[in-house]
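Everything on this sheet refers to the single structure shown next.
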Amino acid sequence: MKKFDPKVVLTTTGACLSFIIGAGTVSGQEMLQFLVSFGYWGLAGCVIALILYSWYTMVLLDIGRALKAKSSEDSYRFFLGDKLGLVYEYFTVGLVFLIFVVMLSGAGSVLTQYLGINEVLGRVIVTSVVLATVLLGLKRLVEILGMVGPVIIIMAVLIGLVSFRSNIDGFMKAGEVMETIDIPHPTGVSNWAVSAVLYVAFTVVIAVPFYTSLGSTLERRSDAVISGLAVGVCFMAVAGVFYLGMMAQIADVYDKPIPTLALAQNISPFFAFLFSVLISLAIYSTSVPLCWAVCNKVAGNSVTKYRITAVVTCVIGFFGALFPFGRIIGLVYPFLGYMGVILCIGMFYRYYINKGRATGQI
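Those letters in the sequence shown? Residues 12 to 373, by the numbering used here.
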C-alpha cells in the first residue's frame with residue numbers, strides 16, 4: 012500500500028465530516044437516545060461506534076476508488092445485487108424525505124425551546140421559509156449559510172466540554188440520577204450494544220452515494236484507509252464530548268428536545284442565543300437541499316411538477332414534523348439503522364469475501 016497524501020486525506024476527511032455531522036448530531040437528541048440513555052454503558056457504545064464509523068467510511072471510500080462509481084445505483088447494486096440494490100436506490104428518496112421531516116421538527120423544537128412559542132407555529136414558520144427558498148431557488152443563500160457548519164460544531168464541542176468540566180461531580184453521580192428519571196431508548200431497542208450499532212448504521216444508507224462518489228476521486232488505497240480512520244476518530248471525538256456534557260448534567264437535559272441547547276442555556280444567555288441561531292441556520296441549510304433532492308427526483312425537468320412537488324412535500328413534511336422531535340428520531344432512526352445493518356452485511360461480504368468486479372483492484 013503506497014504512502015498516503017496528507018493533503019488528500021485532510022480534504023477527504025473534512026468533506027466526510029461535513030456530511031456526517033449534521034443538524035441532528037449537534038442537537039444532541041441522537042446521542043441522548045442511542046447512547047446516553049444507557050448510562051455509563053454509553054462509553055462502551057462510543058467505542059463500538061468509533062470502530063464502525065471508521066470501518067464503513069474506509070470501505071465506502073475504497074470501493075468508490077476501485078469501482079470509480081458514477082452513481083448511487085452502481086454502489087447499491089454492487090453491495091446488494093441488482094434487485095435489492097434497486098430497492099435501496101429508490102428507498103433513498105423516501106429516506107431523504109424522512110430526514111427532511113426530522114429537520115423540520117428539529118428546527119421547530121429549537122424555536123419552541125428557546126423562544127417559548129407554540130410548537131405548531133414554530134413548524135409553520137420553518138416550513139414556510141424552506142418552501143419559499145425551494146420555490147424561489149435561493150441556492151446561493153443556502154450555500155452561504157451552510158458555511159456555519161464548522162462554526163456550530165466547534166461551538167457545540169465547546170459547550171460540551173464546559174458543561175462536563177464545570178460539573179464533573181455530576182458525571183460521577185449520573186448513574187444515581189438516571190435511576191430516578193426516564194430516558195426513552197430508541198423504539199424497539201433495549202440493548203446498549205445494539206443501540207450503538209444502529210447509531211452508526213442509520214447513517215450508512217444515505218452515506219453510500221456521497222462516500223463512494225468521493226472515493227472515486229482517490230487514486231491510492233492508503234488515502235481511503237487513513238481518511239476512514241480519521242473520520243471515525245474525529246466524529247466520535249465530537250460525539251464523545253456531547254456524551255460527557257449531557258451525562259454531567261443529565262437531570263437538566265434528559266427531557267429536552269434539543270439537549271445541547273439546554274447545556275448552552277446553563278452556561279449563559281449569550282451562549283444560548285448564539286447557539287440557537289446557529290443550529291437554526293444549520294438545520295435550514297440542511298432542510299432545503301433535502302427538499303430539493305426529493306423534488307428533483309420526482310419532477311424531473313418539469314418546472315410545474317417541481318413546484319407542485321415542492322408544495323406537497325412541504326405540506327406532508329409539516330404534518331409529519333408535528334410529532335415531537337425526540338419521538339420522530341426514536342421511531343425513524345432505528346428503522347433506518349436496520350436498513351443500514353443489511354447494507355453493512357452486503358458491504359462486508361463484497362469487500363472481504365466476494366469482491367466481484369473489484370477483484371484485483373481493492
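For every residue, glycine included, the Cβ atom is placed at its ideal position computed from N, Cα and C.
- Just so you know, the alpha carbons of Ser-206 and Gly-39 end up roughly 15 Å apart.
- At the C-beta level, Cys-306 and Thr-24 stay beyond 8 Å of one another.
- Secondary structure at Phe-253: helix, using DSSP grouped into helix, strand and coil.
- The Cβ atoms of Ala-167 and Thr-271 lie closer than 8 Å to each other.
- Minimum Cα-Cα distance from Val-37 among the listed residues Cys-57, Gly-251, Ala-332 corresponds to Gly-251.
- Less than 8 Å separates the beta-carbon of Ser-238 from that of Leu-72.
- In this structure, DSSP gives Gln-124 a helical state, which the three-state scheme calls helix.
- The residues Gly-256, Thr-271, Leu-274, Ala-275, Ile-278, Phe-282, Phe-286, in chain order, have a CB closer than 8 Å to that of Ile-170 in the same chain once the five nearest residues on each side in sequence are set aside.
- Between the stretch 286-298 and the stretch 125-141, the count of Cβ pairs shorter than 8 Å is three or higher; the stretches touch.
- Selection Gly-75, Lys-79, Leu-142 evaluated against Val-322 yields Leu-142 as nearest (Cα-Cα).
- Take the alpha-carbon of Tyr-344 and the one of Arg-318: they are about 29 Å apart.
- Setting aside the 5 residues that flank it on each side, Ile-339 is surrounded in the same chain by Val-113, Ser-116, each with a C-beta closer than 6 Å to its C-beta; the list follows chain order.
- The Cβ-Cβ distance between Ile-74 and Gly-226 falls below 8 Å.
- DSSP places Thr-297 in the uninterrupted alpha helix (DSSP H) bounded by 280-310.
- When secondary structure is reduced to three states using DSSP, Gln-40 falls in the helix class.
- Rounded to whole angstroms, the separation of the alpha carbons of Phe-330 and Arg-134 is 9 Å.
- The continuous alpha helix (DSSP H) containing Arg-134 extends over residues 130-147.
- DSSP places Ile-194 in the coil class of the three-state scheme, outside both helix and strand.
- Contact annotation: Leu-106 and Leu-347 have beta-carbon atoms nearer than 8 Å.
- With a beta-carbon spacing of about 6 Å, Tyr-51 and Gly-186 fall inside the 8 Å limit used to define contacts.
- Secondary structure at Asn-178: coil, using DSSP grouped into helix, strand and coil.
- Collapsing the DSSP output to three states places Glu-100 in a helix.
- Rounded to the nearest angstrom, the gap between the Cα atoms of Tyr-349 and Leu-21 is 31 Å.
- Sequence-distant partners of Tyr-67 (beyond 5 residues in either direction) whose C-beta falls short of 6 Å from its own C-beta, in its chain, are Val-215.
- In terms of Cβ geometry, Arg-361 and Phe-90 form a close pair [threshold 8 Å].
- The closest CA to that of Phe-221, considering only Val-47, Lys-79, Gly-148, is found on Lys-79.
- A distance of 8 Å or more separates the beta carbons of Tyr-295 and Gly-53.
- Less than 8 Å divides the Cβ of Pro-195 from the Cβ of Ser-48.
- In its chain, beyond the 5 residues on either side, Val-107 have a beta carbon closer than 7 Å to the beta carbon of Ala-304.
- In this structure, Thr-320 sits near Val-309, with a CB-CB distance shorter than 8 Å.
- Between the alpha carbons of Cys-27 and Val-242 lies a distance of about 7 Å.
- The C-beta of Tyr-99 has 16 or more other C-beta atoms within 10 Å across all chains shown, which makes the residue buried.
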